[in-house]
Structure formats: structure tokens, C-alpha cells
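Visitor:
2 protein chains.
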Amino acid sequence: MGVNIKDVAFRAGVSPSTVSRVIADHPRISAETKERVLTVMKELDYHPNAIARSLVKKSSETLGILIPNNIEEFFNPFFPEVLRGITQVAQSEGYDLFLSTSLNHLNDRERTENIIRSKRIDGLIILTSKENDPLFEVLERLKFPSVLIGRPPVTVSSLLWINNDNVSASFEATQHLIELGHHRIGFIGGNHDFIVTQDRLKGYQQALEAAKLPFDPRLIIASEFIEEGGYTGMLRLLALSDRPSAIVASDDVLAFGAMRAAGEMGYRIPEDLAIIGFNDIPLAKLSNPPLTTVSVNIIELGQKAAEMLIRQIQYPEKLHQSAIISHELVIRRSCGAWNPVFPYQPTVRDR
Amino acid sequence: MGVNIKDVAFRAGVSPSTVSRVIADHPRISAETKERVLTVMKELDYHPNAIARSLVKKSSETLGILIPNNIEEFFNPFFPEVLRGITQVAQSEGYDLFLSTSLNHLNDRERTENIIRSKRIDGLIILTSKENDPLFEVLERLKFPSVLIGRPPVTVSSLLWINNDNVSASFEATQHLIELGHHRIGFIGGNHDFIVTQDRLKGYQQALEAAKLPFDPRLIIASEFIEEGGYTGMLRLLALSDRPSAIVASDDVLAFGAMRAAGEMGYRIPEDLAIIGFNDIPLAKLSNPPLTTVSVNIIELGQKAAEMLIRQIQYPEKLHQSAIISHELVIRRSCGAWNPVFPYQPTVRDR
DNA sequence: TTGTAAGCGTTATCAC
DNA sequence: GTGATAACGCTTACAA
Numbered sequence: 001m002g003v004n005i006k007d008v009a010f011r012a013g014v015s016p017s018t019v020s021r022v023i024a025d026h027p028r029i030s031a032e033t034k035e036r037v038l039t040v041m042k043e044l045d046y047h048p049n050a051i052a053r054s055l056v057k058k059s060s061e062t063l064g065i066l067i068p069n070n071i072e073e074f075f076n077p078f079f080p081e082v083l084r085g086i087t088q089v090a091q092s093e094g095y096d097l098f099l100s101t102s103l104n105h106l107n108d109r110e111r112t113e114n115i116i117r118s119k120r121i122d123g124l125i126i127l128t129s130k131e132n133d134p135l136f137e138v139l140e141r142l143k144f145p146s147v148l149i150g151r152p153p154v155t156v157s158s159l160l161w162i163n164n165d166n167v168s169a170s171f172e173a174t175q176h177l178i179e180l181g182h183h184r185i186g187f188i189g190g191n192h193d194f195i196v197t198q199d200r201l202k203g204y205q206q207a208l209e210a211a212k213l214p215f216d217p218r219l220i221i222a223s224e225f226i227e228e229g230g231y232t233g234m235l236r237l238l239a240l241s242d243r244p245s246a247i248v249a250s251d252d253v254l255a256f257g258a259m260r261a262a263g264e265m266g267y268r269i270p271e272d273l274a275i276i277g278f279n280d281i282p283l284a285k286l287s288n289p290p291l292t293t294v295s296v297n298i299i300e301l302g303q304k305a306a307e308m309l310i311r312q313i314q315y316p317e318k319l320h321q322s323a324i325i326s327h328e329l330v331i332r333r334s335c336g337a338w339n340p341v342f343p344y345q346p347t348v349r350d351r
Numbered sequence: 352m353g354v355n356i357k358d359v360a361f362r363a364g365v366s367p368s369t370v371s372r373v374i375a376d377h378p379r380i381s382a383e384t385k386e387r388v389l390t391v392m393k394e395l396d397y398h399p400n401a402i403a404r405s406l407v408k409k410s411s412e413t414l415g416i417l418i419p420n421n422i423e424e425f426f427n428p429f430f431p432e433v434l435r436g437i438t439q440v441a442q443s444e445g446y447d448l449f450l451s452t453s454l455n456h457l458n459d460r461e462r463t464e465n466i467i468r469s470k471r472i473d474g475l476i477i478l479t480s481k482e483n484d485p486l487f488e489v490l491e492r493l494k495f496p497s498v499l500i501g502r503p504p505v506t507v508s509s510l511l512w513i514n515n516d517n518v519s520a521s522f523e524a525t526q527h528l529i530e531l532g533h534h535r536i537g538f539i540g541g542n543h544d545f546i547v548t549q550d551r552l553k554g555y556q557q558a559l560e561a562a563k564l565p566f567d568p569r570l571i572i573a574s575e576f577i578e579e580g581g582y583t584g585m586l587r588l589l590a591l592s593d594r595p596s597a598i599v600a601s602d603d604v605l606a607f608g609a610m611r612a613a614g615e616m617g618y619r620i621p622e623d624l625a626i627i628g629f630n631d632i633p634l635a636k637l638s639n640p641p642l643t644t645v646s647v648n649i650i651e652l653g654q655k656a657a658e659m660l661i662r663q664i665q666y667p668e669k670l671h672q673s674a675i676i677s678h679e680l681v682i683r684r685s686c687g688a689w690n691p692v693f694p695y696q697p698t699v700r701d702r
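Quick mapping for you: the protein sequence lines, in order, are chains H and F.
Under this note's numbering, the first residue of the first sequence is numbered 1, with each subsequent residue one higher.
Under this note's numbering, the first residue of the second sequence is numbered 352, with each subsequent residue one higher.
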């Protein structure tokens, strides 16, 4: 146990630097020494200490992900999917992943600063974008390689991001409902601090405007990004004397909550109530009825984020481009637009 | 940028050791020096270098998870759920998570040895148990803190594990189908190298025996642990001249594949074909029809694994107990036992 | 092509 | 209580 580079060097009759060079596959090293050192490494069952290496190289070949303090937020099915995309790229590019879960006694700003300065990671992927998040100040100040999944607040300029065009996406979703004949449409969104909520609400409003439909603030619900939030939000909307006939939910999980509430209150979907979601998580196609939703291509979001981060780590001096991932309306059954002869031509028709 | 412990020491007019003691909250340190050092740390915006600390302390407060080489295996919904349990406990106990994805050019044995010897993690959680997996030899030899989720092969004695009683679980699942009147029951399992497949197959066989039903090897399908495997497996079973009337699928994802195949071939579930799954992933309650399955309490599995691992890291000399997590039959609609007056009394009745 | 030696940023041991 | 000093295991000038 605990065989180190010196042991190998000694046994092979060379210096530690030579062993180091063999490990690094240094070009100027004689074939025979290389051979000999490799043999000894096998013999002694030597494995390099990555920590020691990181200390001197100041890099760890590891991408960091900050698990939000509110941990359940991380288990919206959106995140496992993003993680999947990140993992695929990380694996193929030779990077490991570090999930920072500890330090949860600190706030997000401090946690970010800590994880960055701890030197355990070479870059950071930020999973959510909140208005006035002090975390952005840290990232801009430290100039640490990072990619935000989502849109940064307008005050933040220098941060690389990968996002969807959520305003358009929500515009299209709302328009879909309008074209199906709805003119009283509710909006169930996450916390308004989330940029994604703001953008999707904006698209909703723009679609109403474009159709010259009135905007009624009583139809707007801001809840938490969990199924329960969609549930109670839906209850409130159904309790209105003039209830909406259709719902834009800014997240599939909220949509499921809304569907559950509607079901329990005796409404049929889509006959009595149309519901459209966002993200197209794997569950969406399997729910009953299958959920019409806007796919944001989650896995691609994760893949691209990892790619951009790795490029940034490898070529820090280059100018890197933020990017928009496309979205598509996925028409299933929860809005009643599944009639094959229905005139509206969906982007994607599924199941 | 890059302020280190020496900078702090200098500015505070003390030695690096003193600063180190302040960081470690060492008892024998005067209140005033402590105060002064803390102030300077804030002033200089000092954050400790975790890598350097790990190097000397030989520990990293990090739990490792080896992402399987076959990465899609990791995205069976079982794993995100396990990860969720692990994350919860890791967070509350102050451990971070390291997902080893790189090194995928190596085999699992080498990857395991590498990650352990790299010193980046204090303990390892193994997500799957395969017969004759050379990984176990490594773990036993290195005596590295680790917990296996699943049952180790009988040849492996010294490894801590957390598991379900899969034989009983499968016995009960099969028995449920038998009690519903089925006597020709197919089994769609994962690769037979997986211990979990072996155990669940065994429970299935025992239930047939107990009911004096014949065992027909043509009714046994071994596929990959992916939806597609369940799909093709089901097609093969349906093509039999004497097709089964019910299916035990050793994984919910396989069950979904089977359901899809059955649906496409024109069979109704549960009227024409009963299907029972395993794990109770979140999707199971939402499928159409909702899937009857055996809950293995995935999150608890992950939580307990993390707890056991952390205990083992903290008290390596103690004797640690492996454990069994309970399971429950969750009766939904895919087996036709949803009639409230049906005599069979399910463990859990859901939706 | 190989070796020597300094240093990465900490903590631990042992003085005082 | 506090400070030197020596590790920890590796990489990398610089020398040879």
C-alpha cells in the first residue's frame, strides 16, 4: 500500500522526475527506460496520487456542479437529465465531476467562492439563474471558467451561458392554446426570482397581447418548482368564479401538479381543461394524458454546457460564444390538439 | 487572487501554523489572535486550498461514485433516485460527491483501483453487483471504505453492502400474479451476470414451485437493462404459440418496454396481459396503466449506503453491519388487481 | 536523455 | 499559546 513515485524510481533505478516523465508520456525519454519504468509501475502496482498532482499542476480535470442549498430543487427531473448530458461529454473528454453538496451552512455566494478557491475543480456549471444572485458577482470577480445554464440577469455581462429562447417558447405554447380557442388562460410559474420564470411569463403575456386578449393578474400563480406548487396553484385558479379554460405551466412538474388537482376536483383533461408544460422531461410522454409541452432539449443543454466549459478551460484566452438551444412544441394529448385533422400544424407530433 | 495561508499569516503578524489552527478551530489559541486572524482572512478574502489540505491530511471529505462504463446504464431512473438519497445524506454530513466518469478507456477493475489510489475520495459507493466482477478483488485487497448497493457474489465476504431481499420480493410479486389466477408467467430480466437478476429470477422460480406450477425456460428472457430490452423480450414472449398471460419484469424500465410491445401488438393491459415491475421508480405511478411493481425504497437505499459509508470512514476499526432495506408490493392497475373487493390484500394500495 | 532541487499550500510534530 | 520545520507526493525548471 501507499507506493509512490519515489518507490518506483528507486526500484527502476531512475529519478522521480524520470518516472514523472514516463507518466506524462514525455517525448524525450528513451524507449528502454520508459519500458523499465512501466514494468516497475505494474510490479509495484503504482497509481499516481491525483491530489499531489493537482497541487502542483493547479488543475484537477474535474468539472464542478453546485447542488442548490434547497436540495429538492435539484431533483426536479430536469436536473438528472442535465446531469446526463454533462456526464456524457465529461466522460468523452476525460473530465470527472464534482458535486458540491457540503458547505450547506453557507449561502450560495460563499459556497461558490469556496468551491472555486478550494482548487478542486477546473470549471463550474451553474444550474439555475436567479435575479440578483450574489453568485454572479463572485464569478465575474474571480474570472473562473464557468457556464450558466439559463439566462444571466441583464446586469451580468461577462458570463458564458447556454439557454433556450424561453420568451419565444412560451409565446408559442400560449399561442397554441389560443389557436385551440382558449381565451382565458392561466399561468402557473415558479418563483419570480428565477429568470426562466420571468422569461416564460413574458412570452405568455406577449402572446396574449398579440391576440388582443386581456391580461388578468389573478390568473398568474407563482409557486415553488415542485409538484405541490402546481397542485395548490391549480386549486386557486379553479376556485376563481371565472376559472381559466387552459393553463400554461412553466415546468412539467408544475403541470403534473396542476393535472392532479384538476383530476381530483373532477375536471377532465383536456375536455374541461387544457394544460401545457415546459421542458419535456421523460415523464411527460407517459403521464395520463400524455402532456403537451415545450421540449427544451435538456440533454443537449447539459452536453453543450459541458462542452463550452471544457473549451473555456482549455483555451481561456479565446473568446467564447454563449448559445441558444432550440426548443420545440411537442403536442400530445393534454391540450386536446390531438385530432389528426385539426388544422394547426404542430412542430412535433408525438405518440 | 491566490492569497494563501502565508499571506494571511504575514498580514496578521503570526505564523502559518497559527492561521492553520484558527481554521481548524484549535482549542489552545488566544481569543485575540483568533479574532485578528479571522479579520485578516476576511480582509484578504482568503479561502483554504482543499487540495493542499487533502494532500497532508490524506482525506478529502468526498464520497466517490463510479459511473459505469456503459453510461446509459447509469440513467436507468433507478440511479438518479439513488443519487438523490446519497446526496441528501452527504450534504447533511458534510461530504461532497465525486463522480468518476473519465478513465473510461480502462476496465472497471482498473478504474476502481485508480480512483481509490488517486486519493481524491475517502470512500466509494458501488452501484451494481455483477458476478465475477474483478472489482471486488480490488476492494478486498485495498480494504478501502466502500459500500455496495446490492448483494455481493458469494465469493466476496468482507464487503459492506446494502440490499433488498430480492428473492422474497420476487417471490411475492410472482405470487401476486398466481393469486390473480395466472399460471403461465413470463420473466423478463436483465443480464444474468447481475446479481439482482439472479435473485429475482430465483424468487420467481420459488413461487412457481410453491404453487406447483411448471418452470418453462422458454418463458425466461435475459435482456439489457433498458427499455428496448423489455420491448424485444416481450415481442419474443408474445410470439410463443402458448404465450404467457402475465409477466414479471425485473425492472420497471423493462416493464415499460414490455408494455409498449404489448400495446403495439394489440394487447390490452391488464385485460389481456398482466405486467408487474420492480423498483417503483417515479414513472411507475404515472404510466398508463399505472404499473404494479415492487417498491425497493430506492431513496432509502441511497441514504443508507451513504450513511454506512460515512460511518465506515469515520470509524474504520469498528465492525459495521450490512443491511436489508424493506420492500413492498405496490398494487396499481397493470395486473388487474385493482378491484376494491378483490380478496387479495395488497401491502400497499396506491392511487 | 536524465538527475537535482525547489516548490505547490497545507498540517503535524516538536520545541519554546 | 505560538513558531520553526518537516512532511504530503508530485511536476518542472535548470543543470548536467
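Positions of the beta carbon are idealized from the N, C-alpha and C atoms, including for glycine.
Could you list which residues in chain H have their beta carbon closer than 7 Å to that of F/Ala403, in chain order?
Guide: Chain H residues near F/Ala403: Leu55.
Visitor: Alpha carbon to alpha carbon, how far is F/Glu491 from H/Asn4?
Guide: Roughly 21 Å separates the two Cα atoms.
Visitor: Applying the criterion that 16 or more other CB atoms from any shown protein chain within 10 Å of the CB defines a buried residue, is F/Lys408 buried or exposed?
Guide: Looking at its Cβ environment, which holds fewer than 16 other Cβ atoms inside 10 Å, F/Lys408 is exposed.
Visitor: Do we get a CB-CB distance below 7 Å when we pair F/Pro431 with the residues of chain H?
Guide: Yes, because at least one Cβ of chain H sits closer than 7 Å to the Cβ of F/Pro431.
Visitor: Please state whether DSSP places H/Glu317 in a helix, a strand or coil.
Guide: Coil at H/Glu317, not helix or strand.
Visitor: Give the C-beta separation of F/Arg435 and F/Ile650 to the nearest angstrom, bearing in mind that I take them to be a contact with Cβ-Cβ under 8 Å.
Guide: Going by Cβ atoms, the distance from F/Arg435 to F/Ile650 rounds to 6 Å, so yes, they are a contact pair.
Visitor: On the DSSP letters alone, give me the boundaries of the alpha helix (DSSP H) that H/Asn166 sits inside.
Guide: Run containing H/Asn166: 166-179, per the alpha helix (DSSP H) assignment.
Visitor: I want to see whether chain F comes within less than 7 Å of H/Thr18, judged by CB atoms only; does it?
Guide: With 7 Å as the cut-off, H/Thr18 does not count as an interface residue toward chain F.
Visitor: Beta carbon of F/Phe425, beta carbon of F/Pro419: below 7 Å?
Guide: The answer is yes: Cβ separation under 7 Å.
Visitor: Count the other C-beta atoms from every protein chain shown that fall within 10 angstroms of the C-beta of F/Pro378, then say buried if there are 16 or more, exposed otherwise.
Guide: It counts as exposed.
Visitor: Considering just the uninterrupted stretch of the beta strand (DSSP E) at H/Val3, what are its terminal residues?
Guide: Segment: none, H/Val3 is in no beta strand (DSSP E) and carries neither H nor E.
Visitor: Could you compute how far the alpha carbon of F/Val518 sits from the alpha carbon of F/Thr525?
Guide: Approximately 11 Å, taken between the alpha carbons.
Visitor: I'd like to check one pair, H/Ile121 with H/Phe98: are the Cβ atoms closer than 7 Å?
Guide: It is a contact, given that the beta carbons lie within the stated cut-off.
Visitor: For H/Asn114 and chain F, any beta-carbon pair shorter than 7 Å?
Guide: Interface residue, yes.
Visitor: In the DSSP assignment, find the unbroken beta strand (DSSP E) run with H/Val294 in it and report its ends.
Guide: Looking at the DSSP string, the run of the beta strand (DSSP E) that includes H/Val294 is 292-295.
Visitor: Under 7 Å between beta-carbons, which chain F residues line up against H/Lys119? List them in chain order, please.
Guide: The answer, in chain order, is Asn400, Ala401, Ile402.
Visitor: What three-state label does DSSP hand H/Thr62 in the structure shown?
Guide: Reduced to three states, the DSSP call for H/Thr62 is strand.
Visitor: By alpha-carbon positions, which one of F/Ser410, F/Pro633, F/Asp358, F/Glu482 ends up nearest to F/Lys393?
Guide: Out of F/Ser410, F/Pro633, F/Asp358, F/Glu482, F/Asp358 has the C-alpha closest to the C-alpha of F/Lys393.
Visitor: Quick check: F/Pro595 and F/Cys686, are their CB atoms within less than 7 Å of each other?
Guide: Going by C-beta atoms, F/Pro595 is not nearer than 7 Å to F/Cys686.
Visitor: Check for me: the alpha helix (DSSP H) holding F/Val581 runs from which residue to which?
Guide: Contrary to the premise, residue 581 of chain F reads as Gly rather than Val in this sequence. Segment 578-590, the alpha helix (DSSP H) holding F/Gly581.
Visitor: From the beta carbon of H/Ala90, is the nearest beta carbon of chain F less than 7 Å away?
Guide: Chain F contact via Cβ: present.
Visitor: Could you check if H/Asp242 is buried or exposed, using at least 16 other CB atoms within 10 Å of its CB as the buried criterion?
Guide: H/Asp242 should be labelled exposed.
Visitor: Given a threshold of 16 other Cβ atoms within 10 Å of its Cβ, counted over all protein chains shown, does F/Gly617 qualify as buried or as exposed?
Guide: Exposed, by the Cβ-count rule.
Visitor: Can a CB atom of chain H be found closer than 7 Å to the CB of F/Arg700?
Guide: For F/Arg700, the pLDDT reaches just 44, beneath the cut-off of 50, and the residue's location in the model is therefore unreliable, leaving the point undetermined.
Visitor: Should F/Gly474 go down as buried or exposed, given a rule of 16 or more other Cβ atoms within 10 Å for buried?
Guide: Flag for F/Gly474 reads buried.
Visitor: Using the C-alpha atoms, what's the distance from H/Ala12 back to F/Phe430?
Guide: Their Cα atoms are separated by approximately 44 Å.
Visitor: Measuring only the C-alpha atoms, how far is H/Gly353 from H/Leu201?
Guide: This structure gives no information on residue 353 of chain H, because the portion of chain H shown stretches from 1 to 351.
Visitor: Which residues in chain F have a C-beta closer than 7 Å to the C-beta of H/Leu106? List them in chain order.
Guide: Those within 7 Å of H/Leu106 in chain F number zero; the least Cβ separation is about 11 Å.
Visitor: F/Gly580 to F/Val599, Cα distance in whole Å?
Guide: One C-alpha to the other measures close to 14 Å.
Visitor: Taking the C-alpha atoms as reference points, what is the distance between H/Val19 and F/Lys470?
Guide: Each residue's Cα considered, the two are about 19 Å apart.
Visitor: From the DSSP output, read off the bridge partner residues of H/Phe187.
Guide: According to DSSP, H/Phe187 bridges with H/Ile220, H/Val248.
Visitor: For a cutoff of 7 Å on Cβ pairs, would you count F/Leu528 as touching chain H?
Guide: Not closer than 7 Å to any Cβ of chain H, the Cβ of F/Leu528 fails to qualify, so no.
Visitor: F/Leu493 and H/Ile51: beta carbons closer than 7 Å?
Guide: Going by C-beta atoms, F/Leu493 is not nearer than 7 Å to H/Ile51.
Visitor: For a test of the three-state rule: what should DSSP assign to H/Leu273, helix, strand or coil?
Guide: Note: H/Leu273 maps to coil in three-state DSSP.
Visitor: Would the beta-carbon of H/Glu73 be found less than 6 Å away from any heavy atom of the ligand FMN?
Guide: As for the ligand FMN, it is missing from this structure, which has no ligand bound.
Visitor: From F/Ala360 to H/Ile125, what does the alpha carbon distance come to, in whole angstroms?
Guide: So the alpha carbons of these two residues sit roughly 33 Å apart.
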